[in-house]
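2 protein chains.
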Amino acid sequence: MGDGRIWIGLDIGGTKTEALVVDAQMGVLSRVRASTDTADPECLLAGSIQLIHRALAQANGAVSQVGGIGIGIPGLVERETGVVRLAVNLNLTAYPLGAALTAALGIPCAVENDARIATMGVYRWLNEQQPVRHVAYVSIGTGIAAGVVLDGRLYRGAHGMAGEIGHVMVEADGQLCSCGARGCLETIVAGPAIARQYAEAAGLRAPVTAETVFQAYQADDAVAQQVMRRVSQALSRALQWLIMTYDVEKVVLGGGVTAAGAAFLDPVLAELAQMRAQSALAQEMLAAHKFVVLPTDFNAGTWGAVALAQQG
Amino acid sequence: MGDGRIWIGLDIGGTKTEALVVDAQMGVLSRVRASTDTADPECLLAGSIQLIHRALAQANGAVSQVGGIGIGIPGLVERETGVVRLAVNLNLTAYPLGAALTAALGIPCAVENDARIATMGVYRWLNEQQPVRHVAYVSIGTGIAAGVVLDGRLYRGAHGMAGEIGHVMVEADGQLCSCGARGCLETIVAGPAIARQYAEAAGLRAPVTAETVFQAYQADDAVAQQVMRRVSQALSRALQWLIMTYDVEKVVLGGGVTAAGAAFLDPVLAELAQMRAQSALAQEMLAAHKFVVLPTDFNAGTWGAVALAQQG
Numbered sequence: 001m002g003d004g005r006i007w008i009g010l011d012i013g014g015t016k017t018e019a020l021v022v023d024a025q026m027g028v029l030s031r032v033r034a035s036t037d038t039a040d041p042e043c044l045l046a047g048s049i050q051l052i053h054r055a056l057a058q059a060n061g062a063v064s065q066v067g068g069i070g071i072g073i074p075g076l077v078e079r080e081t082g083v084v085r086l087a088v089n090l091n092l093t094a095y096p097l098g099a100a101l102t103a104a105l106g107i108p109c110a111v112e113n114d115a116r117i118a119t120m121g122v123y124r125w126l127n128e129q130q131p132v133r134h135v136a137y138v139s140i141g142t143g144i145a146a147g148v149v150l151d152g153r154l155y156r157g158a159h160g161m162a163g164e165i166g167h168v169m170v171e172a173d174g175q176l177c178s179c180g181a182r183g184c185l186e187t188i189v190a191g192p193a194i195a196r197q198y199a200e201a202a203g204l205r206a207p208v209t210a211e212t213v214f215q216a217y218q219a220d221d222a223v224a225q226q227v228m229r230r231v232s233q234a235l236s237r238a239l240q241w242l243i244m245t246y247d248v249e250k251v252v253l254g255g256g257v258t259a260a261g262a263a264f265l266d267p268v269l270a271e272l273a274q275m276r277a278q279s280a281l282a283q284e285m286l287a288a289h290k291f292v293v294l295p296t297d298f299n300a301g302t303w304g305a306v307a308l309a310q311q312g
Numbered sequence: 001m002g003d004g005r006i007w008i009g010l011d012i013g014g015t016k017t018e019a020l021v022v023d024a025q026m027g028v029l030s031r032v033r034a035s036t037d038t039a040d041p042e043c044l045l046a047g048s049i050q051l052i053h054r055a056l057a058q059a060n061g062a063v064s065q066v067g068g069i070g071i072g073i074p075g076l077v078e079r080e081t082g083v084v085r086l087a088v089n090l091n092l093t094a095y096p097l098g099a100a101l102t103a104a105l106g107i108p109c110a111v112e113n114d115a116r117i118a119t120m121g122v123y124r125w126l127n128e129q130q131p132v133r134h135v136a137y138v139s140i141g142t143g144i145a146a147g148v149v150l151d152g153r154l155y156r157g158a159h160g161m162a163g164e165i166g167h168v169m170v171e172a173d174g175q176l177c178s179c180g181a182r183g184c185l186e187t188i189v190a191g192p193a194i195a196r197q198y199a200e201a202a203g204l205r206a207p208v209t210a211e212t213v214f215q216a217y218q219a220d221d222a223v224a225q226q227v228m229r230r231v232s233q234a235l236s237r238a239l240q241w242l243i244m245t246y247d248v249e250k251v252v253l254g255g256g257v258t259a260a261g262a263a264f265l266d267p268v269l270a271e272l273a274q275m276r277a278q279s280a281l282a283q284e285m286l287a288a289h290k291f292v293v294l295p296t297d298f299n300a301g302t303w304g305a306v307a308l309a310q311q312g
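Protein chains in written order, with my numbering: chain A, 1 to 312; chain B, 1 to 312.
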C-alpha cells in the first residue's frame, strides 16, 4: 500500500456519519462528520457521497487516488455483495449500498456490520502495539456485543451471529429484556440497565442516566456501589466465558459505557482479581494484562472501515 | 486417498487404548483394545506399538501399506512436534511420543489432545450426514470440555485452551471445584457432581453414581427430578453461551454422562424449549435441530485419530 493511494473509512451511525481519509502510511489526512440523513435510502446515499467528497477536499485528495472505501453499518450486512439486508436505524432494507456507492464514485466500496468493523479497527490498533492474533472486542453501550478475530481472521459464525452475547441469560427470572427473554446480560450490564437498576434501588421516580450512577459511585454512594458490584459480577463472568470459549490473548472493552473510566472499570477489575485469586487456571486465563480498555478518542469504527477498504 | 493405503487411529486413554484400522474408503478393517500400561513412557510406547501390530495383523495389513497414524492423548500436546507436554493420567511429561512411534514403525505419526481429536471425529461423522462447517462438541463425563470446528477448521485458541468451559463459574459461592475455584460448571453438570448433588439432597451417607441418579429420575424420584432440573438449567445456559459465542450450526453432546440417554437429555431439552419460548432470537439460535447426541457406539476418539492421520 506504499503506492501513493489513499483510503477512506466511513462509519455510518443512526445519528452521525464520520469519514476518515488516510494515506498509504496510515497518516490521517482528514476526518469529517455530518448528521446521518435517514429519511430514505437515496438521502442516505446522497449524504454519504457528499461527506466523502468533503473529506477528500479537506484531505486535498482526488477520487482517482482512492484505493477503496470501507463502510460500517449498524445492521445486517451481506459482506460479499455489499447489500444491507436490514438496518432499522438507517431505514434500509435489502439496499445495495456497496454497489450504489461504487457506481456513483467509481471506487471499490466494501460494506460490513459496524460491530465487526470496529473489531477490525481494534485488532489493527492492538497490533500496532504488539503482535496478537486472537482478540475479542466487547462493546458496551445501549446494547452489548462482542466481535472476535480468531487466528488473525474476523470470525462471523455460521449465521453472522458470533459474539452476540448481549442476549445470553445470566439471571434466571431476571428483568424482561427487549428481546423478550428474561435476565439477558444486557438487562444488567448495558448503559440503560445500569441506570434502571440504580433508579430502582435508590427508589427514584425520575429516570437517571448511567453517567449519574458513575458519578454517585465516585462519590461513594452506597446504592451506586451495590449496583456496580452487581454489574461487574455479571460482566466479569461474561468475560470469563469469552476467554474460556475463544481463548483470546486480549479482551478489549469499548463503547459508551466504558468511557466512564474508573467508575465502570475498577469494580470489574476487582471482580476479576477475586476470580484470579481462586485458582491457578483463573490466574492464567484471566490475567490482568489480557484486559484492555479502548481509549475514548480512538474511533474503532472509521479505522476498521479503513482496514476493510484495504482488504478490498 | 483412494490409493490402497490404510490408516490407523489410536485412542490412548488412562485405562484403555483402542486402535482402529480403516481402508481408503473408510471401511473398518479392524478394531482392537488393550489396557494402557502407564508404568512409564517406555511401557506406554511398547504397549502402543504392540497394539498397532495386533490391529494390523487382524486387518491383514502390512506396515508398508499404512499412510499414517493419528493418536489421541488425554493431556497437553504440541500438535506440531508430537511432544506430549503433560499427560498426568498417562504418566508422561515432555515426552516425544510422535517421534518415538514414527522412529519405531517408520510411519508418520501425528499426536493431538483427545478432546480435540474427538471433535474432529464428531465433525467427520456429522458431515457424513449433512454438510456443516461450524460445530461444537461438548463432552460430559468426569469433566466437561468443548471442542470446536469453526469455518471447517479445528480451533485451538491462543493457548490451546479454547472450549475449556468446565471451569467457567456458573454459581457464585458454589461448590468447591477441583481447580480451586467455586461454582464451576463441572461442580453441577459433570458425572461426579450429579451423583454428589443427589446424595446430598437425598441425605445419603454412602456415595452413589450418576447412573443411580438417572435410574431414580426415570422412576420419578422427586429428589432426582430436582437435581436434574438444576443440572439441566446450568447445562442449557452453557449451551446458549456456546451458541452465542461460536454461532455453530450444531452442538453435539457426548461423553459418559450422555450415555444415560433420556434421563439426562429430556430435562435439558425441556429447558432449551423453555428458553426458545421466550424470544424470537432464542427460537432461532437455540432451535431444536441444532442439538445432537452422539450415538454411544460411535468412538469419536479413534475416528478423529484416523482423520488426524489423513491430515498428516
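Backbone N, C-alpha and C fix where the C-beta goes; we use that ideal spot for every residue, glycine too.
Using beta carbons (cut-off 9 Å, strictly below), is residue i in contact with chain A?
i	result
GLY157/B	yes
ALA146/B	yes
HIS134/B	yes
LEU56/B	no
ALA172/B	yes
GLY163/B	yes
VAL122/B	no
LEU150/B	yes
HIS167/B	yes
MET275/B	yes
LEU308/B	no
LEU235/B	no
ARG33/B	no
LEU242/B	yes
ARG322/B	Because chain B is modelled from 1 through 312, residue 322/B falls outside the range shown and cannot be assessed.
Who does residue i pair with in a DSSP beta bridge?
i	result
THR72/A	Note on residue identity: the sequence assigns Gly, not Thr, to residue 72/A. DSSP lists ASP11/A, GLU112/A as partners of GLY72/A.
TYR137/B	GLY147/B, VAL252/B
SER30/B	VAL21/B
ILE6/A	VAL66/A
LYS16/A	SER35/A
ALA87/B	LEU92/B
PHE214/B	Note: PHE214/B sits in no beta bridge, so no partner.
LEU154/A	VAL149/A
So, is the C-beta of residue i closer than 9 Å to a C-beta in chain B?
i	result
VAL251/A	no
LEU101/A	no
ASP247/A	yes
SER139/A	no
ASP37/A	no
ALA280/A	yes
GLY160/A	yes
MET26/A	no
GLN319/A	Because residue 319/A is not part of the residues shown, which for chain A are 1 to 312, the question remains open.
Between the beta-carbon of residue i and the beta-carbon of residue j, is there less than 9 Å?
i	j	result
PRO207/A	ALA193/A	no
THR302/A	GLY9/A	yes
VAL138/B	ALA238/B	yes
ARG5/B	GLN65/B	yes
ILE188/B	VAL231/B	yes
GLU249/B	VAL135/B	yes
ALA234/B	LEU286/B	no
ARG54/B	ALA103/B	no
GLY67/A	ALA307/A	no
LEU105/B	VAL77/B	no
GLY180/A	ALA280/B	yes
Strictly under 9 Å for the Cβ-Cβ distance: is residue i near chain C by that measure?
i	result
CYS179/A	Included in the structure are the protein chains A and B, with no chain C among them.
*asked:* Check whether the stretch 107-114 of chain B and the stretch 75-91 of chain B touch, using three or more Cβ-Cβ pairs below 8 Å as the test.
replied: A contact exists between the stretch 107-114 of chain B and the stretch 75-91 of chain B.
*Counting Cβ pairs closer than 8 Å, one from the stretch 238-247 of chain B and one from the stretch 239-255 of chain A, do we hit at least three?*
As far as the Cβ criterion goes, the stretch 238-247 of chain B touches the stretch 239-255 of chain A, which means the pair count is three or higher.
*May I ask you to verify whether the stretch 260-277 of chain B touches the stretch 223-233 of chain B, counting CB pairs closer than 8 Å and requiring at least 3?*
Touching, per the Cβ criterion.
*Determine, using beta-carbon pairs with one atom in the stretch 128-142 of chain A and one in the stretch 13-23 of chain A, whether at least three such pairs fall under 8 Å.*
Segments in contact, no.
*Are three or more beta carbon pairs between the stretch 82-97 of chain A and the stretch 35-48 of chain A nearer than 8 Å?*
Three or more pairs of CB atoms, one per stretch, sit closer than 8 Å, so the stretch 82-97 of chain A contacts the stretch 35-48 of chain A.
*Residues of the stretch 61-92 of chain B whose Cβ lies closer than 7 Å to any Cβ of chain A, in chain order*: Listed in sequence order: no entries.
*Chain-ordered residues of the stretch 203-230 of chain A with a beta carbon less than 9 Å from chain B*: Flagged: no residues at all.
*Is the stretch 158-165 of chain B touching the stretch 138-150 of chain B in the sense that three or more CB pairs, one from each, lie closer than 8 Å?*
Yes, they touch.
_Using a Cβ-Cβ cutoff of 8 Å, what residues of the stretch 3-21 of chain A are near chain B? List them in chain order._
Residues passing the 8 Å Cβ filter: none.
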